[in-house]
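S.K.: Structure below; questions to follow.
Chains as they are written, first to last, in my numbering: chain H, -3 to 129; chain C, 92 to 319.
Rendered as structure tokens:
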């Protein structure tokens, strides 16, 4: 039951983040620059199959992403790391410190690209807008 | 278009002056009219960006990385241009090796004559990955002529030979100090890189004096000719 609530919460936060990101001019520009790329972000250890991808010209929330699809980049973190990000920890630091796992063909350059998405989230106060803190 | 010549600089021990030597070598090659790139692959303590005082004009897009350019016009890729100053790199060896493999394809160098590669100290996963995949034209070991450094150098020479990597030579750094008034040279350590050279049959390329607060090292023309 507790896990169900946590899953629901993660889903709400990710979904709201995607909605707000699509309204944000900086995120929109980043998405435009990354046209055709498919980035998938997953919170892994809750077994919560939610994520978001850059899908041609916008961010798209995914409830049950097909993990067998050939995404350009899959960024995975556990719930603890997700909470750290929500508290304002720089996602780029989390990557270098091994808490954000990246995979996919040529993942490093894409990891350096997606850090800009995540950093914009922190810098532009999307966290505050998402969780109201 | 000929392929760039790849010169790898390494040592088994930290603090021998690999990075300062690497930067100095790129500058010396540039002064000879060559187009040069510097690839600093030290994850833990990247410092090429500090030694060259290069700001982060490294670009990344979905096609890859466009290296930064130093004031002298040397292309530069260093993790120091991607990391903030206090961020520790805690990626596991296998991940670091994957990154190095990908960088070989994803850095868009502007057709340099030479790429000087500054490897981290020791035999790390990323160094193994690079040496296996890149096939360097020259491999230069930097040592201090003290017991610990020489002992470490023996190990890395053996490791390189085991990997069938040709060891081009040894450069002795901080071997002596030169009196600024009379020019007299005083040895700082009892041991000598020349002895190591004779013992291991790896060429002795030259010796560089101890320089307080070095920004660049005075590398002899003869050493530069040998590593070109």
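Here a beta-carbon is modelled for each residue, glycine too, at the ideal position from N, C-alpha and C. Note that the structure is predicted; figures quoted are calculated from it, not measured.
Along chain D, in chain order, which residues have C-beta atoms closer than 9 Å to that of residue 83 of chain H?
M.R.: Here the protein chains are H and C, and chain D is not one of them.
S.K.: For the stretch 113 to 121 of chain C against the stretch 258 to 270 of chain C, are there 3 or more C-beta pairs whose distance is under 8 Å?
M.R.: Counting Cβ pairs under 8 Å, fewer than three are found: no touch.
S.K.: Which residues, in order along the stretch 27 to 52 of chain H, keep a beta-carbon less than 9 Å from a beta-carbon of chain C?
M.R.: Taking 9 Å as the Cβ-Cβ cut-off against chain C, the residues of the stretch 27 to 52 of chain H that qualify are 29, 30, 31, 32, 33.
S.K.: Would you say the stretch 91 to 110 of chain H touches the stretch 185 to 200 of chain C, given that touching needs at least three Cβ pairs under 8 Å?
M.R.: As far as the Cβ criterion goes, the stretch 91 to 110 of chain H touches the stretch 185 to 200 of chain C, which means the pair count is three or higher.
S.K.: By Cβ distance, which residues of its chain are closer than 7 Å to residue 198 of chain C, with the 5 residues on each side in sequence left out?
M.R.: In the second chain, residue 198 of chain C corresponds to position 107, counting from 1. Excluding positions up to five away in sequence, the list reads 155, 156, 158, 168.
S.K.: Quick one: which chain H residues come within Cβ less than 7 Å of residue 183 of chain C?
M.R.: Working through the second chain from its first residue, we reach residue 183 of chain C at position 92. Result: 94.
S.K.: Exposed or buried, residue 243 of chain C, counting other C-beta atoms within 10 Å across all chains shown (16 or more means buried)?
M.R.: Position 152 of the second chain holds residue 243 of chain C. Buried: at least 16 other Cβ atoms inside 10 Å.
S.K.: DSSP has residue 96 of chain C in a bridge; who is on the other side?
M.R.: To locate residue 96 of chain C, count along the second chain from 1; it is residue 5. Answer is C/205, bridged to residue 96 of chain C.
S.K.: Counting C-beta neighbours from all protein chains within 10 Å, is the total for residue -1 of chain H 16 or more, i.e. buried, or is it exposed?
M.R.: Stepping through the first chain from its first residue, residue -1 of chain H is reached at position 3. Flag for residue -1 of chain H reads exposed.
S.K.: Starting from residue 315 of chain C, follow the alpha helix (DSSP H) in both directions and report where the run begins and ends.
M.R.: For the purposes of this step, residue 315 of chain C is taken as the residue at position 224 of the second chain. Its alpha helix (DSSP H) spans residues 312 to 318.
S.K.: Taking residue 264 of chain C as part of the beta strand (DSSP E), name the residues at either end of that continuous run.
M.R.: Numbered from its first residue, the second chain carries residue 264 of chain C at position 173. It spans 260 to 264 - the beta strand (DSSP E) in which residue 264 of chain C sits, taken as one unbroken run.
S.K.: Would you kindly report the start and end of the unbroken alpha helix (DSSP H) that includes residue 102 of chain C?
M.R.: What you label residue 102 of chain C is simply residue 11 of the second chain in a count that begins at 1. Premise fails: residue 102 of chain C is in no alpha helix (DSSP H) and is neither H nor E.
S.K.: Taking residue 297 of chain C as part of the beta strand (DSSP E), name the residues at either end of that continuous run.
M.R.: On the second chain, residue 297 of chain C is found 206 positions in, with the first residue counted as 1. Counting along the chain, the beta strand (DSSP E) containing residue 297 of chain C begins and ends at 295 to 299.
S.K.: Under the three-state reduction of DSSP, which class applies to residue 47 of chain H: helix, strand or coil?
M.R.: In the first chain, counting from the first residue as 1, residue 47 of chain H sits at position 51. DSSP places residue 47 of chain H in strand when its eight states are reduced to three.
S.K.: What in chain C is Cβ-close to residue 100 of chain H, meaning under 7 Å?
M.R.: Taking the first residue of the first chain as position 1, residue 100 of chain H is located at position 104. Within 7 Å Cβ-Cβ: nothing; residue 100 of chain H doesn't reach chain C, min ~11 Å.
S.K.: To be precise: take each residue of the stretch 193 to 213 of chain C, compare its Cβ to all Cβ atoms of chain H, and keep it if any distance is under 8 Å. Which residues remain?
M.R.: Cβ contacts with chain H come from 193, 194, 196, 197.
S.K.: Who are the Cβ neighbours of residue 247 of chain C in its own chain at under 6 Å, not counting the five residues just before and after it?
M.R.: Counting from 1 along the second chain, the entry for residue 247 of chain C is found at position 156. Counting only Cβ-Cβ distances below 6 Å, and skipping sequence neighbours, we find 103.
S.K.: Where do the ends of the alpha helix (DSSP H) carrying residue 15 of chain H lie?
M.R.: To locate residue 15 of chain H, count along the first chain from 1; it is residue 19. First-last of the alpha helix (DSSP H) with residue 15 of chain H: -2 to 19.
S.K.: So, helix, strand or coil for residue 229 of chain C, using DSSP?
M.R.: Stepping through the second chain from its first residue, residue 229 of chain C is reached at position 138. Residue state, collapsed to three classes: strand.
S.K.: Which residues of chain C have a Cβ atom closer than 7 Å to the Cβ of residue 108 of chain H, listed in chain order?
M.R.: In the first chain, counting from the first residue as 1, residue 108 of chain H sits at position 112. Within 7 Å Cβ-Cβ: 151, 173.
S.K.: Can you give me the C-alpha to C-alpha distance between residue 230 of chain C and residue 249 of chain C, rounded to a whole angstrom?
M.R.: For the purposes of this step, residue 230 of chain C is taken as the residue at position 139 of the second chain. For the purposes of this step, residue 249 of chain C is taken as the residue at position 158 of the second chain. So the alpha carbons of these two residues sit roughly 13 Å apart.
S.K.: Look up residue 97 of chain H in the DSSP assignment and say whether it is helix, strand or coil.
M.R.: Looking up residue 97 of chain H in the first chain gives position 101. In the structure shown, residue 97 of chain H sits in a strand (DSSP, three-state: E or B).
S.K.: Count the other C-beta atoms from every protein chain shown that fall within 10 angstroms of the C-beta of residue 177 of chain C, then say buried if there are 16 or more, exposed otherwise.
M.R.: The count along the second chain starts at 1 and reaches residue 177 of chain C at position 86. Residue 177 of chain C comes out exposed.
S.K.: For residue 203 of chain C, which residues in the same chain have their Cβ closer than 7 Å to its Cβ, ignoring the five residues on either side in sequence?
M.R.: Here residue 203 of chain C refers to the residue found at position 112 when the second chain is read from its first residue. Counting only Cβ-Cβ distances below 7 Å, and skipping sequence neighbours, we find 95, 126, 127, 128, 166.
S.K.: Assuming the contact rule is C-beta atoms closer than 8 Å, residue 280 of chain C and residue 236 of chain C should be a hit. Round their C-beta distance to whole Å, please.
M.R.: As a working mapping, residue 280 of chain C is identified with position 189 in the second chain. As a working mapping, residue 236 of chain C is identified with position 145 in the second chain. Residue 280 of chain C to residue 236 of chain C, Cβ: 5 Å. Contact.
S.K.: Tell me whether residue 220 of chain C is buried or exposed, calling it buried when 16 or more other Cβ atoms sit within 10 Å of its Cβ.
M.R.: Start at 1 with the first residue of the second chain, and residue 220 of chain C comes out as number 129. Buried, by the Cβ-count rule.
S.K.: Between the C-alpha atoms of residue 314 of chain C and residue 103 of chain H, what's the straight-line distance to the nearest angstrom?
M.R.: Sequence index remark: in the second chain, residue 314 of chain C carries index 223 (1-based). Sequence index remark: in the first chain, residue 103 of chain H carries index 107 (1-based). Each residue's Cα considered, the two are about 39 Å apart.
S.K.: Suppose you measure from the CA of residue 308 of chain C to the CA of residue 105 of chain C; what does that come to, to the nearest Å?
M.R.: Locating residue 308 of chain C in the second chain gives position 217, counting from the first residue. Locating residue 105 of chain C in the second chain gives position 14, counting from the first residue. Distance between the alpha carbons of residue 308 of chain C and residue 105 of chain C: 17 Å.
S.K.: Indicate whether residue 296 of chain C and residue 278 of chain C have their beta-carbon atoms separated by less than 7 Å.
M.R.: Residue numbering aside, residue 296 of chain C sits at position 205 when the second chain is read from its first letter. Residue numbering aside, residue 278 of chain C sits at position 187 when the second chain is read from its first letter. No.
S.K.: Helix, strand or coil: which one does DSSP assign to residue 152 of chain C?
M.R.: Mapped onto the second chain, residue 152 of chain C falls at position 61. Three-state result, residue 152 of chain C: strand.
S.K.: 7 Å is my cut-off, CB to CB: does residue 157 of chain C come that close to chain H?
M.R.: Your numbering for residue 157 of chain C matches position 66 in the second chain. Closer than 7 Å: no.
S.K.: Go to residue 285 of chain C, then tell me how far its alpha helix (DSSP H) extends in each direction, as first and last residue.
M.R.: Position 194 of the second chain, counted from the start, is the residue given in the question as residue 285 of chain C. Residues 284 to 291.
S.K.: Can you confirm whether residue 178 of chain C, when its beta carbon is compared against all beta carbons of chain H, has any partner nearer than 7 Å?
M.R.: The count along the second chain starts at 1 and reaches residue 178 of chain C at position 87. Cβ-Cβ to chain H under 7 Å: yes for residue 178 of chain C.
S.K.: Since residue 111 of chain C and residue 305 of chain C should fall inside the 8 Å C-beta cutoff, what is the C-beta to C-beta distance between them, to a whole number of angstroms?
M.R.: Against the second chain, residue 111 of chain C aligns to sequence position 20. Against the second chain, residue 305 of chain C aligns to sequence position 214. With 8 Å as the limit, residue 111 of chain C and residue 305 of chain C qualify as a contact, their Cβ atoms being about 6 Å apart.
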